[in-house]
Amino acid sequence: MGQILYNARNHFYDKSKIYTKIHIFYYNKIMKIIHCADIHADSAMKSNFDGEKKNKRKEEIVDAFARMVDYADKNEVRAIIIAGDLFDTKSSMQKTIKKRIAYVISTNPQIDFLYLRGNHDEDSDFFTEDKLPNLKLFSKEEWKTYSYDDDKIQITGREFTSTIPAKAYSELHPDSSKVNIVVMHGQVAGYETKKDGAVISLPKFANQNIDYIALGHIHKFRMEKLDHRCTWCYPGCLEGRGFDECGEKGFVLLNIEDGRVKADFIPNSRRVIHAVEVPLDGSMSYKEIMQCIEERLGEISCEDIVQVKLTGEISEETDIEVSSYESALAAKFFYIKVENYCQNKIDYEKYENDVSLKGEFIRLVKNQAGLSESEKSKIIMTGIKALAGRDF
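According to this note's numbering, the sequence shown is numbered sequentially starting from 24.
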């Protein structure tokens with residue numbers, strides 16, 4: 024007791040804080056662990072942003088990692104599990120990003136970083152130029168275990184590339200008397216098929232004395248029960264990189280107390296990516312379309328990233344001005360992209376009997392037996408616009 028109080032006094036000068044720390048240590052016995060994955064710190068982001076904003080987003084991904092570690096420091100987290108794809112490429116990793124992440128790890132020696140490499144990570148030793156005693160790696164050859172809280176908590180992981188040998192499941196022998204966390208990177212069979220990942224058969228882990236399976240590979244949060252004791256979880260990525268990674272992003276905080284694991288999702292992203300559908304209908308003016316878009320975007324933060332999808336059926340008189348809408352809204356968000364998915368509503372009866380080039384064209388297309396109604400509609404709309412001298 025005296026030694027612990029001495030240490031507390033050396034770190035905390037407020038008496039109330041001293042007693043708070045001692046109370047947590049003796050009575051609550053809470054062990055805190057963070058589970059994160061799929062950070063993709065050196066992602067090129069080739070197709071999502073341009074120029075300065077692309078570079079800024081690359082920096083913000085690393086910022087998200089640093090912000091998570093800062094959270095861990097302030098909340099007395101003992102270990103951070105990185106369940107694969109800390110980086111995006113196996114080769115030509117950006118040295119500045121690598122050094123910055125190494126710096127974050129090295130300046131937090133009180134936290135262990137348990138890093139299991141994923142299908143995007145390089146195969147060579149991680150951070151070979153830096154000596155990071157608090158960086159713990161896993162192996163491809165066998166299951167490797169790290170123990171905490173006087174061996175009461177065991178974190179076991181193994182790296183797999185494309186396939187998982189059947190015997191790998193039987194080689195895992197969790198002790199029923201301990202809290203067991205299993206770390207893997209791959210695709211859970213039957214859930215959101217994604218290429219380049221080992222397929223994980225969760226039923227083979229059922230009723231095997233596992234408390235929590237920390238997964239990586241899928242970029243959105245999902246957590247479900249496997250059996251009466253075990254929960255499996257994808258924490259998702261720390262920051263969305265494109266419009267296929269919408270919604271709040273973050274990590275999972277594990278509070279382990281009295282042999283039980285409580286998992287909570289902690290939002291951590293600097294910006295949220297939104298995909299917003301804006302339905303249009305009939306004949307609409309530029310002003311009316313802009314009003315529809317702005318109504319749908321009203322609750323979104325100006326710091327966020329937005330994809331607007333224009334949908335519905337519009338008349339041939341309605342012009343869709345994608346680039347103009349983007350320009351008008353550009354100052355209201357970090358980044359906005361407008362895409363047109365509208366279908367053209369053609370009033371065939373209006374032109375079909377016309378004694379004109381337009382009427383003849385429509386009749387010709389309608390009589391083409393090899394075309395679907397959708398194809399006929401697109402061809403007719405394109406032709407009408409061309410005859411009117413409008414863009415199409």
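Glycine included, each C-beta is placed from N, C-alpha and C at the ideal position.
Do three or more CB pairs link the stretch 305-322 to the stretch 278-291 at distances below 8 angstroms?
-> no
Reduced DSSP secondary structure (H/G/I, E/B, other) of E362 = Translated into positions along the sequence shown, residue 362 becomes position 339. Here E362 sits in strand by DSSP.
N78: buried (16+ other C-beta within 10 angstroms of its C-beta) or exposed?
-> Taking the first residue of the sequence shown as position 1, residue 78 is located at position 55. That one is exposed.
Return helix, strand or coil for C315, following the three-state DSSP convention.
-> Counting from one through the sequence shown, the residue named residue 315 turns up at place 292. DSSP places C315 in helix when its eight states are reduced to three.
Of the listed residues S185, T184 and T168, nearest to Q177 (C-alpha basis) = Residue numbering aside, residue 177 sits at position 154 when the sequence shown is read from its first letter. The shortest Cα separation from Q177 among S185, T184 and T168 belongs to T168.
Under the criterion of a Cβ to heavy atom distance below 7 angstroms, does I296 qualify as lining the ligand PLP?
-> Here there are no bound small molecules, and the ligand PLP is not part of this structure.
CA-CA distance, W255 and P226?
-> For the purposes of this step, residue 255 is identified with residue 232 of the sequence shown, where counting begins at 1. For the purposes of this step, residue 226 is identified with residue 203 of the sequence shown, where counting begins at 1. Distance between the alpha carbons of W255 and P226: 11 angstroms.
Proximal residues to F88 (C-beta, below 7 angstroms), its chain only, five neighbours per side dropped = By one-based count along the sequence shown, residue 88 stands at place 65. Taken in chain order, the residues that qualify are I62, A64, I124, V127 and L261.
Smallest Cα separation from A241: which of D377, E280, G220 and N230?
-> As a first step, residue 241 is located in the sequence shown; it is residue number 218 there, counting from the start. It is Ile, not Ala, that sits at residue 241 in the sequence shown. It is G220 whose Cα lies nearest to the Cα of I241.
On a CA-only basis, which of E311, E339 and D172 is nearest I53? Give me that one, please.
-> Numbered from 1 along the sequence shown, position 30 holds the residue referred to as residue 53. Cα-wise, what sits closest to I53 is D172.
Coil, strand or helix - F384 by DSSP = Working through the sequence shown from its first residue, we reach residue 384 at position 361. Helix, per DSSP.
For V378, does the count of other Cβ atoms within 10 angstroms reach 16, so buried, or fall short, so exposed?
-> Sequence index remark: in the sequence shown, residue 378 carries index 355 (1-based). By the neighbour-count rule (16 or more Cβ atoms within 10 Å), V378 is not buried but exposed.
First and last residue of the beta strand (DSSP E) that includes S193?
-> As a first step, residue 193 must be located in the sequence shown, where it is residue number 170. That residue, S193, is in no beta strand (DSSP E); its alpha helix (DSSP H) goes A189 to S193.
Which two residues bound the contiguous beta strand (DSSP E) that contains I178?
-> The residue you call residue 178 lines up with position 155 of the sequence shown. Segment I176 to G180, the beta strand (DSSP E) holding I178.
Quick one, are the C-beta atoms of M246 and I223 less than 8 angstroms apart?
-> Against the sequence shown, residue 246 aligns to sequence position 223. Against the sequence shown, residue 223 aligns to sequence position 200. Against a cut-off of 8 angstroms, the Cβ pair of I223 and M246 comes out as no contact.
Nonlocal neighbours in the same chain, by C-beta distance under 8 angstroms from V284, ignoring five residues either side = Within the sequence shown, the letter at position 261 stands for residue 284. These residues qualify, in order along the chain: V202, I204, D234, Y235, T254, L277 and N278.
Endpoints, the alpha helix (DSSP H) within which G74 is located = Position 51 of the sequence shown, counted from the first residue, corresponds to residue 74. Unbroken alpha helix (DSSP H) run through G74: G74 to K97.
Residue from S129, D73 and A60 with nearest C-alpha to F110 | What you label residue 110 is simply residue 87 of the sequence shown in a count that begins at 1. Minimum Cα distance to F110 is reached at A60.
Alpha carbon to alpha carbon, how far is S397 from E12? Give it in angstroms, no decimals.
-> The question about residue 12 has no answer here: the residues shown for the chain are numbered 24 through 415.
Tell me, please, which residues DSSP counts as bridged to L276.
-> For this step, residue 276 is matched to residue 253 along the sequence shown. DSSP, once it has assigned bridges, lists I57 and D287 as partnering L276.
Nearest to R264 (by Cα), restricted to the options H251, H297, G282 and A286 | Reading the sequence shown from its first residue, position 241 is the one you call residue 264. Cα-wise, what sits closest to R264 is H297.
From the DSSP output, read off the bridge partner residues of Q136.
-> By 1-based counting over the sequence shown, the position of residue 136 is 113. Note that residue 136 is Phe in the sequence shown here, rather than Gln. According to DSSP, F136 bridges with I103 and L158.
Can you grab the Cα-Cα spacing for the pair L410 / E383, in whole Å?
-> The residue you call residue 410 lines up with position 387 of the sequence shown. The residue you call residue 383 lines up with position 360 of the sequence shown. Looking at the two C-alpha atoms, the distance is approximately 12 angstroms.
In the DSSP assignment, find the unbroken beta strand (DSSP E) run with T334 in it and report its ends.
-> Start at 1 with the first residue of the sequence shown, and residue 334 comes out as number 311. Residues I328 to S338.
Below 8 angstroms on the Cβ atoms is my guess for N367 versus S400; work out the distance and round it to an integer in Å.
-> Here residue 367 corresponds to residue number 344 of the sequence shown, with the count starting at 1. Here residue 400 corresponds to residue number 377 of the sequence shown, with the count starting at 1. N367 to S400, Cβ: 6 angstroms. Contact.
Between the Cα of E311 and the Cα atoms of V299, I337 and I103, which residue gives the shortest distance?
-> Here residue 311 corresponds to residue number 288 of the sequence shown, with the count starting at 1. Measuring from the Cα of E311, the nearest candidate turns out to be I337.
What is the DSSP secondary structure of S400, reduced to helix, strand or coil?
-> Counted from its first residue, the sequence shown places residue 400 at position 377. DSSP places S400 in helix when its eight states are reduced to three.
Taking all protein chains shown into account, decide if P156 is buried (16 or more other Cβ within 10 angstroms of its Cβ) or exposed.
-> Indexing the sequence shown from 1 puts residue 156 at position 133. It counts as exposed.
With respect to the beta strand (DSSP E) encompassing R123, which residues constitute its N-terminal and C-terminal limits?
-> Start at 1 with the first residue of the sequence shown, and residue 123 comes out as number 100. Here R123 belongs to no beta strand (DSSP E); instead the alpha helix (DSSP H) covers K118 to S129.
On the premise that I343 lies in contact with L417, defined as a C-beta separation below 8 angstroms, what is that separation, rounded to the nearest angstrom?
-> A question about residue 417 goes unanswered here, because the residues of the chain that appear run from 24 up to 415.
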